[in-house]
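Note sheet for the following structure.
Protein chains: 2
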Amino acid sequence: MGMKIDLQTAAQRLREKDNILILIHQFPDGDTIGCGFALCRALQTLSKTARVLCSHTVNQKYDYILNSVTPQCFEPDFVVSVDVADQKLLGEPVLSAYGDRIDLSIDHHGSNTFFAKENYVDASAAAASEILYELICLLCGEPDKQMAAALYTGISTDTGCFKFTNTTPKTHLIAAKLMERGIDYGEINRIMFDTKVKSRILLERMALDSMRFFCDDKVAIMTITREMKQKSGADDEDLNGISALPRQVEGVLIGITVREQEGGYCKISVRTHEPVSAAEFCAKFGGGGHVRAAGCEIKGSVEEASEQLLALAKTYFEAK
Amino acid sequence: MGMKIDLQTAAQRLREKDNILILIHQFPDGDTIGCGFALCRALQTLSKTARVLCSHTVNQKYDYILNSVTPQCFEPDFVVSVDVADQKLLGEPVLSAYGDRIDLSIDHHGSNTFFAKENYVDASAAAASEILYELICLLCGEPDKQMAAALYTGISTDTGCFKFTNTTPKTHLIAAKLMERGIDYGEINRIMFDTKVKSRILLERMALDSMRFFCDDKVAIMTITREMKQKSGADDEDLNGISALPRQVEGVLIGITVREQEGGYCKISVRTHEPVSAAEFCAKFGGGGHVRAAGCEIKGSVEEASEQLLALAKTYFEAK
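Chains A and B, in that order, give the protein sequences. Using the numbering used here, the first residue of the first sequence is number 1, and each one after it goes up by one. Using the numbering used here, the first residue of the second sequence is number 1, and each one after it goes up by one.
Structure below.
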C-alpha cells in the first residue's frame with residue numbers, strides 16, 4: 001500500500017516531473033475522461049510532454065475533450081492515474097504495461113486501494129473532476145475553456161447533472177467557476193443526457209412493452225431478452241441505466257429488471273423505495289448491493305427467474 | 001404600465017405591509033410554487049399574515065412545499081404576484097378577483113408586461129426562485145430549510161436540473177447556498193425528474209412504438225392518437241415534454257410529434273438540430289416558434305398530417 005499525500009504535494013510532483021503518462025480507467029466514462037484530458041492539457045500548457053492512455057477506445061461523443069490536447073509520443077518518466085479506484089480497473093493492456101509502476105493516483109472513490117506510490121484520495125468529492133479542478137488551479141491557475149469543458153463534463157456526468165445525492169454545495173461552486181470560462185454547457189449536457197442511439201430507443205420500447213405490474217402496482221418487472229438485444233442492435237453500453245425504469249413508475253416500491261444471459265441464467269437488477277431493502281431482497285438469491293440498488297443472478301429462463309422474483313416480492317406485501 | 005422598482009424597494013414594501021396575498025400563475029409549476037410558498041413562509045416567519053392563491057390545484061407532489069406554511073384566512077391589504085409575466089396568466093377565478101389590484105410583481109420573464117403598480121423583473125434569472133432567494137435574504141436573512149427546499153425546487157425544475165442554457169454561474173451559487181440549509185435535494189429531484197405516473201409510461205411506450213424514421217434516420221415522426229391517450233389514461237399534463245423524444249435519437253435532425261385532436265385536426269410539435277430551423281419549418285404550415293422548437297396545426301388525420309410533414313422534411317435533404 002502506497003503513501004497518502006496532500007494535494008499540494010501532488011501538484012508539486014507534477015510540477016517537478018516531465019514526460020507524464022496519464023492513465024484513465026477501462027470502459028471510460030465522462031469523469032475519468034474529463035480528468036485525464038484536462039490534466040493532460042494543463043501539463044501541456046506548462047510546456048510539459050504528456051498523454052492520456054486507456055485500455056478502451058473513448059466514445060466519439062467525447063471528441064470535443066479529446067481534441068483539446070496535442071498528441072505526443074514519448075517514453076514516460078512519471079505515471080499518474082485519475083479516477084481509478086484499483087489498478088485492476090485499468091483493464092488490459094494498460095494494467096500489464098503500467099499497473100505496477102504508477103507513481104501517483106488521484107481519485108475520489110472511498111474504495112480506493114492506495115495502489116500507487118503516492119495517493120491523493122478525497123471521497124467527499126462527487127467527481128474526481130472536482131479534485132482535478134483544484135489540482136489544476138494549483139498547477140496553473142483557473143482552467144482555460146477547454147479544460148473547463150472537460151472538467152464540467154466529468155462533474156455533470158458523475159452527478160447525473162447535479163441530481164444525485166453525491167452532489168455537494170462545493171460541486172455547485174466548482175460548476176459556477178467552470179461555467180465562467182464560457183463553456184457550452186448546454187451542448188455538453190445535450191450530448192451527455194438528451195441523446196440516445198437508435199438501438200437504445202428500440203430496446204427501450206421493447207423493454208417498456210415487457211413491463212408488468214403486480215401487488216397493486218407496487219412491483220414492476222421488466223425483462224430484456226437476448227432476442228430483444230439482437231433485434232434492436234443494442235450493446236451493453238446501450239443498456240446503461242435502463243434498470244432505473246421500473247422504479248421510476250409512481251407507486252412502485254420494488255422495480256426489477258431481468259436480463260437474459262448466454263448460458264441459461266439471468267442477471268437481475270433490483271431498485272427499491274422505502275421500506276424495501278434491495279440488498280436484502282437480492283441476498284435471498286445470493287446477491288447483494290446497496291439499500292436502494294442491488295443485483296443477483298438466477299438460473300433459468302426469464303420467465304422462471306421472473307416467477308421466483310415475483311414470489312419473493314409478494315411476501316413483502318402479504319406479510320404487512 | 002406600472003413602475004419599475006429595485007429589489008430593496010420590493011423588500012421594503014413587503015416589510016411595511018401586512019395581510020399579504022401572494023398570487024402564482026395558472027397551471028402552477030415548480031418555480032411559481034417554490035416562489036409563492038417560500039415568500040409566504042418568510043412573511044409568516046416575520047409574524048405577518050400571508051397566504052398563496054392559485055387558480056388551479058397544486059399537484060400533490062409539491063405537498064412538502066405546501067405543508068411548509070400555516071393556512072391563514074384574511075382580507076388582503078397588499079397583493080403580490082410571483083413568476084407571473086402577464087396578469088392573464090393568473091387564470092380564472094384569480095384574474096377577475098385580483099387582476100387589476102396587484103401592488104407588486106416579482107418576475108424573471110423578459111416578456112413581462114409590468115402589469116402591477118410596482119414591478120421588479122430580472123430576465124437574467126434562470127428561475128424566479130433565484131430572485132426570491134435574494135429577496136428573502138433581504139427580508140429575513142438566509143432562508144430556512146423549508147424555504148430553501150421550495151426555492152431549490154423552483155430553480156431545479158426551471159433549469160431541467162441545471163441542464164438548460166438558462167442556467168448561469170449565479171444559479172449554481174444559489175443552489176450551493178440552498179443545499180447548505182440541509183435540504184433533501186436528492187429526494188426533491190427524484191420526485192421532479194425520476195418519477196413518472198403509470199399512464200405516462202403506458203403512453204410513452206405506445207408513442208415510441210409509433211416512431212418512424214425517414215431520410216437516412218435524419219427525420220423521426222412520432223404520433224399520439226386520441227385512442228392512445230384514452231387507452232393509457234394519460235391527460236395533457238402527462239404529455240409534458242414528450243415531444244422531446246424524436247429529436248433525442250442520435251442523428252435525427254428533424255424530430256416531429258403529431259398529436260391528434262378532437263375536431264379533425266392535429267397539433268404538431270417540431271424539434272430540430274442545426275441546420276434546420278423549426279420555426280421556418282412550421283411557418284410553412286402557418287405555425288411558428290423558436291429556431292430549435294416550434295409548432296403548428298394541420299387539418300386531417302394523423303396519417304394525412306404525417307404525410308404532409310414528411311413531404312416537407314424530405315425537401316430539406318433532397319435539396320442538399
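Ideal Cβ placement from N, Cα and C applies to all residues, glycine included.
Integer Cβ distance of residue i from residue j, believed to fall under 8 Å
| i | j | result |
| --- | --- | --- |
| Ile155 of chain B | Ile174 of chain B | 7 Å |
| Tyr185 of chain B | Tyr133 of chain B | Contact doesn't hold; Cβ gap of about 14 Å is too wide. |
| Asp74 of chain B | Asn19 of chain B | Note on identity: in this sequence residue 74 of chain B is Phe, with Asp being the wrong assignment. Right, their Cβ atoms sit about 5 Å apart. |
| Ile183 of chain A | Ala149 of chain A | 4 Å |
| Arg212 of chain A | Glu260 of chain A | Actually they do not touch by this definition, with Cβ atoms about 16 Å apart. |
| Ala279 of chain A | Gly286 of chain A | Wrong, their Cβ atoms sit about 12 Å apart, outside the cutoff. |
| Glu297 of chain B | Ile242 of chain B | About 17 Å; that fails the 8 Å criterion. |
| Leu208 of chain A | Ile201 of chain B | 7 Å |
| Val249 of chain B | Lys198 of chain A | 5 Å |
| Met222 of chain A | Pro246 of chain A | 5 Å |
Residue i versus the options, residue with shortest Cα-Cα distance
| i | options | result |
| --- | --- | --- |
| Arg271 of chain B | B:Gly263, B:Tyr120, B:Phe114 and B:Arg292 | B:Arg292 |
| His108 of chain B | B:Leu310, B:Met211, B:Glu260 and B:Thr167 | B:Thr167 |
| Asp83 of chain A | A:Asp158, A:Thr49 and A:Tyr98 | A:Asp158 |
| Tyr120 of chain A | A:Gln12, A:Ser96, A:Gly160 and A:Gln308 | A:Gln12 |
| Gly30 of chain B | B:Gly110, B:Val80, B:Asp100 and B:Asn59 | B:Asn59 |
| Leu14 of chain B | B:Ile191, B:Asp217 and B:Asp77 | B:Asp77 |
| Lys163 of chain A | B:Gln146, B:Met192 and B:Ile136 | B:Met192 |
| Ser210 of chain A | A:Thr195, A:His172 and A:Val258 | A:Val258 |
| His56 of chain A | A:Lys48, A:Leu66, A:Pro93 and A:Ala125 | A:Pro93 |
| Tyr64 of chain A | A:Leu53, A:Arg41 and A:Gln72 | A:Arg41 |
| Lys218 of chain A | A:Gly241, A:Leu178, A:Glu130 and A:Gly251 | A:Gly251 |
| Leu138 of chain A | A:Leu95, A:Leu46 and A:Lys229 | A:Leu46 |
| Leu7 of chain A | A:Ser105, A:Met228, A:Cys266 and A:Leu90 | A:Ser105 |
| Phe281 of chain B | B:Ala244, B:Gln146 and B:Ala313 | B:Ala313 |
| Ile33 of chain A | A:Ile5, A:Lys4, A:Thr9 and A:Ser81 | A:Ser81 |
| Arg101 of chain B | B:Gln308, B:Gly2 and B:Asn240 | B:Gly2 |
| Lys117 of chain A | A:Gly263, A:Ala10, A:Gly295 and A:Glu237 | A:Ala10 |
| Thr315 of chain B | B:Ala305, B:Glu303, B:Val302 and B:Val276 | B:Val276 |
| Val52 of chain B | B:Leu23, B:Asn67 and B:Val79 | B:Leu23 |
| Pro28 of chain B | B:Leu90, B:Ser129 and B:Glu303 | B:Leu90 |
| Val69 of chain A | A:Gln146, A:Gly141 and A:Glu237 | A:Gln146 |
| Ala85 of chain A | A:Val79, A:Phe114, A:Gly99 and A:Tyr98 | A:Phe114 |
| Ile5 of chain A | A:Ile224, A:Tyr98, A:Leu135 and A:Tyr265 | A:Leu135 |
Contact with chain A by residue i, beta-carbon distance below 8 Å
| i | result |
| --- | --- |
| Leu239 of chain B | no |
| Phe193 of chain B | yes |
| Asp107 of chain B | no |
| Val249 of chain B | yes |
| Asp83 of chain B | no |
| Ile201 of chain B | yes |
| Pro143 of chain B | no |
| Glu204 of chain B | yes |
| Pro275 of chain B | no |
| Ala169 of chain B | Here residue 169 of chain B is Pro; the residue named in the question, Ala, does not match the sequence. Cβ-Cβ to chain A under 8 Å: yes for Pro169 of chain B. |
| Asp217 of chain B | yes |
Residues sharing a beta bridge with residue i, DSSP
| i | result |
| --- | --- |
| Val79 of chain A | A:Leu21 |
| Val52 of chain B | B:Ile22 |
| Asn119 of chain A | A:Lys4 and A:Ser105 |
Closer than 8 Å to chain B by CB, residue i
| i | result |
| --- | --- |
| Asn189 of chain A | yes |
| Val197 of chain A | yes |
| Lys48 of chain A | no |
| Leu208 of chain A | yes |
| Met228 of chain A | no |
| Lys163 of chain A | yes |
| Leu173 of chain A | yes |
| Ala279 of chain A | no |
| Glu260 of chain A | no |
| Ala176 of chain A | yes |
| Gly186 of chain A | yes |
| Glu304 of chain A | no |
| Met179 of chain A | yes |
| Asp158 of chain A | no |
Quick one: complete alpha helix (DSSP H) runs, 4+ long, within the region 123-208 of chain A?
Complete alpha helix (DSSP H) runs here, min 4: 128-140, 145-158, 169-179 and 185-193.
Complete beta strand (DSSP E) runs within the region 270-299 of chain B (minimum length 3 residues, chain order)
Counting only runs of 3 or more, we get 293-299.
In chain order, which beta strand (DSSP E) runs of at least 3 residues are fully inside the region 58-103 of chain A?
As far as the region 58-103 of chain A is concerned, its whole beta strand (DSSP E) runs of at least 3 residues are 78-82.
Could you pull out every unbroken beta strand (DSSP E) segment of at least 3 residues lying fully inside the region 212-275 of chain B, listed in chain order?
If we require 3 residues or more, the beta strand (DSSP E) runs fully inside the region 212-275 of chain B come out as 212-214, 219-224, 254-260 and 265-272.
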